[in-house]
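Notes to accompany the following structure.
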Amino acid sequence: MKASSLDRVITLQRATEVRDDFGVVTSGWATVATLRAQLIQSSTTEFLQGAGLQGEAAVIFRTRWFAGITVRDRIVYECVAHDIKELKEIGRRRGLDIRTVARNAQ
0 MKASSLDRVI TLQRATEVRD DFGVVTSGWA TVATLRAQLI QSSTTEFLQG
50 AGLQGEAAVI FRTRWFAGIT VRDRIVYECV AHDIKELKEI GRRRGLDIRT
100 VARNAQ
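What follows is the structure in structure tokens.
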């Protein structure tokens, strides 16, 4: 994997729960890492669901190996949150293909 092909910046986020000053537990997303990545494939589909037309963008990112990523995490790319659907190891911990879906894509 050439460093020159990792031309995008993605942010890995993990769901967290935080207790505020009043003792109320709120959930949110905490940044785990900022990674360089390559955009492998991007496609958009539209379909009718429930209240109207919904969009879904499927994106595959390729990045260097990063231990601890799970499908419960998410990727933020260009201010759009992408749910991780699949992780595929490249070689022996040399890299990762991260298959994601962004809901309500434009």
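Numbering that gives the first Met the number 0 puts the first residue of the sequence shown at 0, with every later residue one more than the last.
Heads up, the beta-carbon is just placed ideally off N, CA and C, and yes, glycines get one too.
Evaluate residue i with the Cβ neighbour count: other Cβ atoms within 10 Å of its Cβ, from every protein chain shown; 16 or more gives buried, anything less gives exposed.
i: A29; result: exposed
i: A2; result: exposed
i: A36; result: buried
i: F21; result: exposed
i: T25; result: exposed
i: R18; result: exposed
Using DSSP bridges, identify the partner residues of residue i.
i: S42; result: A57
i: V17; result: T25
i: V75; result: T10, A80
i: R92; result: None, per the DSSP bridge assignment.
i: V100; result: A57, D82
In this structure, how does DSSP classify residue i when only helix, strand and coil are distinguished?
i: A2; result: helix
i: V70; result: coil
i: R63; result: strand
Between which two residues does the beta strand (DSSP E) carrying residue i extend?
i: I83; result: 79-89
Whole-angstrom Cβ separation of residue i and residue j, contact assumed at under 8 Å?
i: A65; j: A32; result: Note that residue 65 is Phe in the sequence shown, not Ala. Indeed they touch by this definition, with Cβ atoms about 6 Å apart.
i: I59; j: R98; result: 5 Å
i: I68; j: L11; result: 7 Å
i: K84; j: D96; result: Rounded, the Cβ-Cβ distance is 11 Å, inconsistent with contact.
i: R73; j: I39; result: R73 to I39, Cβ: 18 Å. No contact.
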